[in-house]
Amino acid sequence: MKKIQYERPVIQRLNAGVMNKFGTKTEYAPVTEIDGNRVKDLITKFGSPLFVLSEKTMRQNYKDANRAFKNRYPKVQFAWSYKTNYMNAVCNVYHQEGSWAEAVSGFEYQKALKNGVPGNKIIFNGPDKTESELRAAIYNNSMIHIDHLDELYLIKELATEMNKRPRVAIRVNMDTGIYPMWDRFGFNYENGQAWDAINKIMLNDKMDLVGLHAHIGTFMLAPSAYAVAATKLSDLALGVKLKYKKNIQYIDLGGGFASKNTLKGSYLQGADSSPSFDQFAEAITTAILNAGFGESDLPLLILETGRALVDDAGYLLGSVISNKRLADGRRATIMDFGVNIMFTSFWYDHKISPAQEFSQYTEDAVLYGPLCMNIDVIRENVTLPPLKRNDQVVVHCVGAYNMTQWMQFISLRPAIVLIDLEEKAHVIRKRETLQTIESEEVLPAYLKEIKL
Amino acid sequence: MNIKRNIALSDSGFVFNPSTGDSFSTNPIGLEIIRLLQEMKTAEQVKKAILAQYLTDDATFEKDFYDFVNMLNRFNLMETEEKDEKATN
Ligand SMILES: Cc1ncc(COP(=O)(O)O)c(C=O)c1O
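These protein sequence lines map, in sequence, to chains A and B.
According to this note's numbering, the first sequence holds residues 116 to 567 in order.
According to this note's numbering, the second sequence holds residues 14 to 102 in order.
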């Protein structure tokens, strides 16, 4: 007699009438392939855990976003937000699609230059720009987004010293009806700080005020908040036109569009509740078109969209280390990846799919990482088929912020693979080794000897 | 180790405890184990029956069986000792 495929026995209580808030049916559907590459083969070849990026999804997202805005507004420019994912391969996919670069540190700025982005197509943002970094940005004709008055005065001095007119914008923060309000960056709109800063720049006449910038928040689910921001920035631009007879060349609305992830505590799955690019584009472009610009004075619209372009192009593949039963009876599954490489598990209930076929029976479980730390929880509640040691899973929507905010902690960081349009896999960052980590360490000579 | 005799089972894996009104769902192998337990089979006999039918090994099944019975206990599907019986009445 041929034996039956074994699956661990599971039993679950059924709660009549209570919605299962711990997952949806779609989560159980196995994902065995990413862009034509079998999950099993990828793990065999590149190890587990493994980050995988789909170039196809990245380019498709860019095209969708670009089309949504260009269909509605004549002048649109994306600038890739480096901090969202600054793997050079990722940046260059977006640069090939036409994105400029947005950097928030000297390190990111250098990366953009090295990737071949012309200096005048780099936006240099952020509160911490050193004097030498500012000098470089002025020299390269980059767009410098001023965050505070100290910076404004420093740029003024450098302009005199270098005898060059820096191209600057100010970052504006404002009330868009979204709580919490991000008011620590830039100059406030409502209390007049932003208008003051504009006057300081215009009256001093040492730099060119080329743009106005706002980044109103992160994982924004309300297109209407962008409409408010676009209206307020337009109002400032029209104020400059009225008072100084000068056109502001661009309005930059930053990033923050929600990706398809699911925020913790949200009952709706992100894929169902996040607005589309069309909805954001409609809100923003309508606000600018209705603001009162003459047709030839319409500013360029810059977008620094990060997560919404790359999140769902990223996957984390991993394997089960062990199963346990917690003291309160819950199933606990320990994975070979933890919060050290999945920083976003602090914000999101990432969708997780098994990478092999199962029956339709499921269990509620807690998913833990392998770190010796109580906070190492990947999902507090997830409904999955009965996984066993060495079974593989696919974590979805990890393309944004994980490959930049990951920590080298306890274990080494995994490799990152990019699957190209021909479905060929390329390593774009190698798995770390002991040597990678120790290459920057210096052991004083007197500590070299130990006797035990 | 006895499962409650009055537990109702359906072929689709629906498990109903008429004394509490609780219902559960189990997979085919879970259903089979519950049926074997209702036939008063010992742990050893259950293991033998499962190993004869399924592609698994002794150690794996023993671990999973132990865990499963634990859950049956937790869900009040096993007969309890005299004193516990009183406590729940
Ligand atoms: C100034 C600025 N631009 C762009 C972004 C990218 O945002 P997101 O990835 O949410 O689109 C950020 C992120 O915080 C930011 O601070």
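For every residue, glycine included, the Cβ atom is placed at its ideal position computed from N, Cα and C.
Just so we're clear, the structure is a prediction, and the values are computed from it rather than from any experiment.
Secondary-structure assignment with DSSP links PHE161 (chain A) through no beta bridge to anything.
Among the CB atoms of chain A, none fall inside 8 Å of the CB of LEU22 (chain B).
The segment 139–204 of chain A contains, as complete alpha helix (DSSP H) runs of 4+ residues, the segments 154–161, 170–185 (chain order).
Going by C-alpha positions, ASN186 (chain A) is about 25 Å away from THR291 (chain A). For GLN225 (chain A), the closest C-alpha among the options A:ALA251, A:ALA180, A:ASP311 is that of A:ALA251. Listed in chain order, the non-local C-beta contacts of ARG446 (chain A) below 6 Å within the same chain comprise GLU478, ALA480, local neighbours out to five positions each way being set aside. Here the C-alpha atom of TRP310 (chain A) lies approximately 19 Å from the C-alpha atom of MET258 (chain A). DSSP places ILE20 (chain B) in the coil class of the three-state scheme, outside both helix and strand.
Taking C-alpha positions only, LYS466 (chain A) is separated from ASP426 (chain A) by approximately 12 Å.
Bounds of the beta strand (DSSP E) holding TRP215 (chain A) are 215–218. The C-beta of THR69 (chain B) has 16 or more other C-beta atoms within 10 Å across all chains shown, which makes the residue buried.
Taken in chain order, the complete beta strand (DSSP E) segments of 3 or more residues contained in the segment 496–549 of chain A are 507–510, 531–534, 540–544. In the DSSP assignment, GLY444 (chain A) falls outside any alpha helix (DSSP H), carrying neither H nor E. Within the segment 467–483 of chain A, contact with chain B at the beta-carbon level (separation under 8 Å) is assigned to SER474, TYR476. Of the heavy atoms belonging to ligand 1, none sits nearer than 7 Å to the Cβ of GLY433 (chain A).
Within chain A, the residues placing a beta-carbon under 9 Å from that of ASN83 (chain B) are ARG440, GLY444, ordered along the chain. Pairwise C-beta distances place the segment 449–459 of chain A out of contact with the segment 391–399 of chain A, as fewer than three of them are shorter than 8 Å.
Around ASP35 (chain B), the beta-carbon contacts reaching into chain A at under 7 Å are ARG128.
Under the Cβ criterion of 8 Å, ARG87 (chain B) is counted among the residues facing chain A. The residue from A:GLN520, A:ASN496, A:LYS545, A:ALA144 with its alpha-carbon nearest to that of TYR197 (chain A) is A:GLN520. Assigned with DSSP and collapsed to three states, MET91 (chain B) falls in strand.
Scanning the segment 235–280 of chain A for uninterrupted alpha helix (DSSP H) segments of 4 residues or longer gives 246–254, 264–277, listed from N- to C-terminal end. An exposed status is given to TYR268 (chain A), since fewer than 16 other beta-carbon atoms sit within 10 Å of its beta-carbon.
Contact check for LEU432 (chain A) against TYR177 (chain A) fails: the beta carbons are separated by 8 Å or more. Between GLY370 (chain A) and GLY421 (chain A) a beta carbon distance of about 5 Å is seen, short of the 8 Å cut, so the two are scored as contacting. Between the segment 213–227 of chain A and the segment 239–247 of chain A there are three or more inter-stretch CB-CB distances shorter than 8 Å, so the stretches are counted as touching. A residue is listed when its beta-carbon falls short of 7 Å from at least one non-hydrogen atom of ligand 1; in chain order these are A:SER196, A:LYS198, A:THR199, A:GLU217, A:VAL219, A:ASN240, A:HIS330, A:THR333, A:PHE334, A:GLY369, A:GLY370, A:GLY371, A:PHE372, A:GLU419, A:THR420, A:GLY421, A:ARG422, A:ALA423, A:ALA515. Under the DSSP definition of a beta bridge, ARG286 (chain A) partners with A:HIS328. Shown here, PRO295 (chain A) sits in coil according to DSSP, grouped into three states, outside any helix or strand. Straight-line spacing of the CA atoms in ALA312 (chain A) and PHE372 (chain A) works out to 27 Å. Taking the Cα positions, ARG544 (chain A) is about 30 Å away from LEU499 (chain A). In this structure, the beta-carbon distance from ASP506 (chain A) to PRO469 (chain A) falls below 8 Å. VAL343 (chain A): member of the alpha helix (DSSP H) spanning 338–359, first to last residue. In this model, THR172 (chain A) and ALA428 (chain A) are separated by some 5 Å (Cα to Cα).
Think of a sphere of 7 Å around the beta carbon of ASN40 (chain B): the chain A residues whose beta carbon falls inside it are GLU122, PRO124, VAL125, SER474, TYR476, in chain order.
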